[in-house]
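Asks: Sharing a structure below in structure tokens format, with a few things to ask.
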Amino acid sequence: MCLNLLRELSQTPLPCTQADPALIDRMRLLDAAGLIKVIIPPAHVDCDDGLRQDPATVLEITPRGWEALRTKVIEDEVPPLTPRPVRSRLDSAALDLAQLAAWFSSSRQRRGRPGTDG
């Protein structure tokens, strides 16, 4: 989880560099959430036609990052989805048929239908 990386960064003297591509991807998420400030050079094609990612430099943990560490919660974390009510197959099929019937019986004109321009 990104919060673990944030905790590790809080115990490291900053600025620091990280070369591991997996960590750099997680740092992108922390940066996008406004928890750290980081310089991540764009990936480029090397002389052997391989994609290369230069090390990223973490400059600081933002006040929002320190708050996330203190509360152990990232503000914009999405709460778990509430489960949908379970419908029987028959109810589901009946609803699908009702929606299709309503769609086909709508009064709007469609292309390719007799009496239309298209």
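The opening residue of the sequence shown carries number 35 in my numbering; numbering runs sequentially from there.
Where a beta carbon is used, it is the ideal one built from N, C-alpha and C, also for glycine.
Contact defined as beta carbons within less than 8 angstroms: I believe V92 pairs with I70. What is the distance between those atoms, to the nearest angstrom?
Replies: Confirmed, about 6 angstroms.
Asks: Measure from the alpha carbon of E94 to the alpha carbon of each residue in S44, N38 and A102, then state which is nearest.
Replies: Answer by Cα proximity: S44.
Asks: According to DSSP, C50 sits in a beta bridge with which residue or residues?
Replies: Answer by DSSP bridge pairing, in chain order: V92.
Asks: Which word fits V107, buried or exposed, when buried means at least 16 other C-beta atoms lie within 10 angstroms of its C-beta?
Replies: Its Cβ having fewer than 16 others within 10 Å, V107 is exposed.
Asks: For Q52, count neighbouring Cβ atoms within 10 angstroms of its own Cβ and tell me buried if that reaches 16, exposed if not.
Replies: It counts as buried.
Asks: So if DSSP puts V79 in a beta bridge, which residue, or which two residues, is it bridged to?
Replies: Answer by DSSP bridge pairing, in chain order: L85.
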